[in-house]
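Sequence order for the protein chains is A and B. For the first sequence, the working numbering begins at 17 and goes up steadily by one. For the second sequence, the working numbering begins at 7 and goes up steadily by one. Comments concern the structure below.
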Amino acid sequence: DQQVKQNSPSLSVQEGRISILNCDYTNSMFDYFLWYKKYPAEGPTFLISISSIKDKNEDGRFTVFLNKSAKHLSLHIVPSQPGDSAVYFCAASGVSSNTGKLIFGQGTTLQVKP
Amino acid sequence: EPEVTQTPSHQVTQMGQEVILRCVPISNHLYFYWYRQILGQKVEFLVSFYNNEISEKSEIFDDQFSVERPDGSNFTLKIRSTKLEDSAMYFCASSGRQNYGYTFGSGTRLTVV
Chain A
17 DQQVKQNSPS LSVQEGRISI LNCDYTNSMF DYFLWYKKYP AEGPTFLISI
67 SSIKDKNEDG RFTVFLNKSA KHLSLHIVPS QPGDSAVYFC AASGVSSNTG
117 KLIFGQGTTL QVKP
Chain B
7 EPEVTQTPSH QVTQMGQEVI LRCVPISNHL YFYWYRQILG QKVEFLVSFY
57 NNEISEKSEI FDDQFSVERP DGSNFTLKIR STKLEDSAMY FCASSGRQNY
107 GYTFGSGTRL TVV
């Protein structure tokens, strides 16, 4: 079941540059999307979300873009910092599920080099 | 900042034994979840719980699994007869409302030997 896909297992960027993490989904019933960050031995931490009525949501250094026609979303981190190094998960939910269940992608490991 | 607490952080059990994983969600949250992540794989939904009953469960959540909120603060996941393939990180999460960013606990690493 690959409803949410993160095709890049890893990404390496230089400190201060932009990090772009991508996510694709197949289920057109998804209408709420989230990004989580995860450090080793910790649970996922909520970063930012976007509902399908928007195409952009910004929170500090983090911006999520949603392209519904392409069923694609991306997370931009600007500027990237070494502390951003973690695994980033994209997740999706549908209002129709009525339970808040999230479907996660496989994750992308981001390494920000000083 | 409020947090979701899970205990134990690591549990080793023999195949066929029962295990109970414990969680204390954020006190004013109403929606509770269990997820798991097998090593190297994605985080997978197990079950959601609202108003003292299961609201949705995945096909992973078979008859060997059960959840309980015994005392209004704890939220437990029981695996009745563990199998080797149950070895995973189990994450509890809670939310104040549906379709919102959850708060996850740090997880319990379950190792079945």
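Backbone N, C-alpha and C fix where the C-beta goes; we use that ideal spot for every residue, glycine too. This structure is a prediction, so every number in the text was calculated from the model and none was measured.
Hey, how far is the Cα of residue i from the Cα of residue j?
| i | j | result |
| --- | --- | --- |
| A/Ala102 | A/Val128 | 9 Å |
| B/Ala94 | A/Asp75 | 32 Å |
| A/Pro130 | A/Ile36 | 17 Å |
| B/Val10 | B/Gly78 | 14 Å |
| A/Ile69 | A/Gly59 | 29 Å |
| B/Tyr39 | A/Gly116 | 9 Å |
| A/Ile93 | A/Gly123 | 16 Å |
| A/Asp71 | A/Ser44 | 15 Å |
| A/Tyr55 | A/Phe78 | 17 Å |
| A/Ser24 | A/Gln30 | 17 Å |
| B/Gln12 | B/Cys29 | 4 Å |
| B/Phe55 | A/Phe49 | 21 Å |
| B/Gly46 | A/Cys106 | 16 Å |
| A/Lys84 | A/Leu118 | 18 Å |
For residue i, which residues in chain A fall below 8 Å Cβ to Cβ?
| i | result |
| --- | --- |
| B/Phe97 | Gly59 and Pro60 |
| B/Ser54 | Thr115, Gly116 and Lys117 |
| B/Glu91 | None at all; the shortest Cβ gap to chain A is about 17 Å. |
Closer than 7 Å to a non-hydrogen atom of the ligand SAH - does that hold for the CB of residue i?
| i | result |
| --- | --- |
| A/Trp51 | Of the ligands one can find in the structure shown there are none, so the ligand SAH has no counterpart to examine. |
Give me the chain B residues within the contact set of residue i, using Cβ-Cβ distance strictly less than 7 Å, ordered along the chain.
| i | result |
| --- | --- |
| A/Gln122 | Lys48 |
| A/Ser65 | Gly107 |
| A/Phe105 | Val49 |
Please compile the residues from chain A whose C-beta is within a distance smaller than 9 Å of the C-beta of residue i.
| i | result |
| --- | --- |
| B/Gly102 | None at all; the shortest Cβ gap to chain A is about 11 Å. |
| B/Glu7 | Under the 9 Å cutoff, chain A gives no residues; its nearest Cβ is about 11 Å from B/Glu7. |
Would you please state the rounded distance, in angstroms, between the beta carbons of residue i and residue j? I believe it to be under 8 Å.
| i | j | result |
| --- | --- | --- |
| B/Val25 | B/Thr88 | 6 Å |
| A/Gly32 | A/Ser90 | Actually they are not in contact, since the Cβ atoms of A/Gly32 and A/Ser90 sit about 19 Å apart, beyond 8 Å. |
| B/Val53 | B/Val119 | Between B/Val119 and B/Val53 the Cβ distance is about 25 Å, and since that is not below 8 Å, they are no contact. |
| A/Asp40 | A/His88 | 5 Å |
| B/Gly102 | B/Leu36 | 7 Å |
| B/Leu116 | B/Met21 | Actually they do not touch by this definition, with Cβ atoms about 12 Å apart. |
State the start and end residues of the unbroken beta strand (DSSP E) segment that holds residue i.
| i | result |
| --- | --- |
| A/Tyr48 | Tyr48 to Lys54 |
| A/Leu63 | Thr61 to Ser67 |
| B/Phe97 | Ala94 to Ser101 |
| A/Asn23 | Counting along the chain, A/Asn23 falls outside any beta strand (DSSP E), and DSSP gives it neither H nor E. |
| B/Asp77 | Note, B/Asp77: premise wrong, no beta strand (DSSP E); not H, not E. |
| A/Asn38 | Ser35 to Tyr41 |
| A/Leu126 | Thr124 to Lys129 |
| B/Leu116 | Thr114 to Val118 |
Which chain B residues sit within Cβ distance under 9 Å of residue i?
| i | result |
| --- | --- |
| A/Leu118 | Tyr39, Tyr41, Val49, Phe51, Ala99 and Tyr108 |
Along chain A, which residues have their Cβ under 7 Å away from the Cβ of residue i?
| i | result |
| --- | --- |
| B/Gly111 | Gly59 |
Taking Cβ-Cβ distances shorter than 8 Å, what residues in chain B pair up with residue i?
| i | result |
| --- | --- |
| A/Leu50 | Gly107 |
Any beta strand (DSSP E) of 3 or more consecutive residues that is wholly inside the stretch 10-42 of chain B: Correct list: 11-13, 16-19 and 25-30.
Identify every run of the beta strand (DSSP E) within the stretch 71-108 of chain A, keeping only runs that are complete inside it and at least 3 residues long; order them along the chain. Fully enclosed beta strand (DSSP E) runs of 3 or longer: 72-75, 78-83 and 88-93.
What are the complete alpha helix (DSSP H) segments, minimum 4 residues, inside the stretch 43-75 of chain B? Whole alpha helix (DSSP H) segments, 4+ residues: zero.
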